[in-house]
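Visitor: What follows is a single structure, and I will ask about it in a moment.
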Ligand SMILES: Nc1ncnc2c1ncn2[C@@H]1O[C@H](COP(=O)(O)OP(=O)(O)OP(=O)(O)O)[C@@H](O)[C@H]1O
Ligand SMILES: [Mg+2]
């Protein structure tokens with residue numbers, strides 16, 4: 061089983077859109093795939109038509125009152141399951157701060173899924189906190205969408221330094237450019253500078269309105285816009301990610 065955490069310190073960069081489209085493509089290829097929605101906003105849960113069946117489910121998961129497998133819901137897509145989020149996920153940091161070995165908590169919980177899944181994708185809330193420390197420790201790969209702007213790149217550098225300063229394995233960090241706007245020179249300049257960096261995948265996701273339409277369709281791109289350029293870009297990204305992180 062491989063765990064990818066779709067993460068960025070910064071919000072609104074395309075983490076959830078990537079989670080849903082990559083998870084769908086993995087499941088379509090036959091990987092038993094689980095999306096764990098860790099964000100109290102519950103956007104992944106919304107896109108996959110899931111609802112939290114137990115009140116305070118996220119809190120109960122972290123407290124080990126219920127097991128991860130008990131919280132799993134199937135989706136309408138073959139091979140694709142989800143652990144939905146609810147508002148109690150906002151208490152994750154407080155709960156973890158009261159636990160011994162909090163850094164190992166996500167890793168331990170993920171251990172219980174090994175026999176059931178080939179791939180787990182964590183849709184992370186933005187930020188950098190005790191929960192994120194546990195995610196950084198527990199996930200095999202931290203995949204960061206980055207908009208090629210000065211502030212977004214600055215947040216990537218902050219995360220990279222955080223890994224180095226906190227003895228975290230920086231070789232787990234992988235990035236791709238997200239919401240790329242070809243009309244903007246700045247985007248081209250930032251991309252050509254950072255492509256020299258070993259952390260960045262070559263595939264990127266442009267700014268395209270078809271991605272926004274996932275909200276109207278409440279579904280992965282592939283299911284309603286298979287022939288679109290946006291769907292092709294996610295297929296290319298999935299190919300590169302699966303080659304590097306899974307095979
Ligand atoms: N490539 C894209 N082109 C156009 N719109 C996009 C693209 N990627 C994401 N969006 C839109 O931008 C918004 C934010 O995207 P998304 O929810 O995937 O980001 P996020 O990083 O998960 O945000 P948050 O930090 O709030 O969880 C959404 O409305 C989404 O539809
Ligand atoms: Mg999100």
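Residue numbers (the numbering used here): 61 to 307. Just so you know, even glycine gets a beta-carbon here, dropped at the ideal spot from N, CA and C. Predicted, not measured: the structure shown is a model, and the values here were computed from it.
By Cβ distance, which residues of its chain are closer than 7 Å to residue 74, with the 5 residues on each side in sequence left out?
Guide: So the list reads 205, 238, 239 and 265, once near-sequence residues are dropped.
Visitor: Please determine, among 146, 94, 234 and 156, the residue with the shortest C-alpha to C-alpha distance to residue 123.
Guide: Of the listed residues, the one whose Cα sits closest to residue 123 is 156.
Visitor: What would DSSP say about residue 252, mapped onto helix, strand or coil?
Guide: Helix, per DSSP.
Visitor: Ligand 3 heavy atoms versus the CB of residue 146: any closer than 6 Å?
Guide: By its list of ligands, the structure shown excludes ligand 3, since it contains just ligand 1 and ligand 2.
Visitor: Unbroken alpha helix (DSSP H) runs of length 4 or more, entirely within the stretch 179-236: which are they?
Guide: The qualifying runs are 190-198 and 210-225.
Visitor: So residue 291 is in the alpha helix (DSSP H); what residue range does that whole segment cover?
Guide: It spans 289-301 - the alpha helix (DSSP H) in which residue 291 sits, taken as one unbroken run.
Visitor: Whole angstroms are fine: how far does the CA of residue 282 sit from the CA of residue 107?
Guide: Cα-Cα distance, rounded: 13 Å.
Visitor: Give every residue of the same chain whose Cβ lies closer than 6 Å to the Cβ of residue 198, excluding the five residues on either side of it in the sequence, and list them in chain order.
Guide: These residues qualify, in order along the chain: 166, 167 and 170.
Visitor: By the three-class DSSP mapping on this structure, what secondary structure does residue 133 have?
Guide: Residue state, collapsed to three classes: strand.
Visitor: Which of the three DSSP states is assigned to residue 155 in this structure?
Guide: Residue state, collapsed to three classes: helix.
Visitor: Give me the Cβ distance between residue 181 and residue 64, rounded to the nearest whole Å; I'm assuming they're in contact under 8 Å.
Guide: Sure, about 5 Å apart at Cβ, within 8 Å.
Visitor: Excluding the 5 residues flanking residue 109 on each side, which residues of the same chain have their C-beta closer than 7 Å to its C-beta?
Guide: Answer for residue 109: 135, 136 and 278, listed in chain order.
Visitor: Please report the straight-line C-alpha distance between residue 91 and residue 138, rounded to a whole angstrom.
Guide: Looking at the two C-alpha atoms, the distance is approximately 10 Å.
Visitor: For ligand 1, is there a heavy atom less than 6 Å away from the beta-carbon of residue 265?
Guide: Yes, ligand 1 has a heavy atom inside 6 Å of this Cβ.
Visitor: Closest by CA to residue 177, which one among 61, 299 and 82?
Guide: Checked all of 61, 299 and 82; the closest Cα to residue 177 is 61.
Visitor: Looking at residue 104 and residue 148, is the spacing between their C-beta atoms short of 7 Å?
Guide: The answer is no: Cβ separation not under 7 Å.
Visitor: Could you tell me which of 243, 158, 94 and 295 sits nearest to residue 129, measuring between CA atoms?
Guide: Nearest C-alpha to residue 129: 94.
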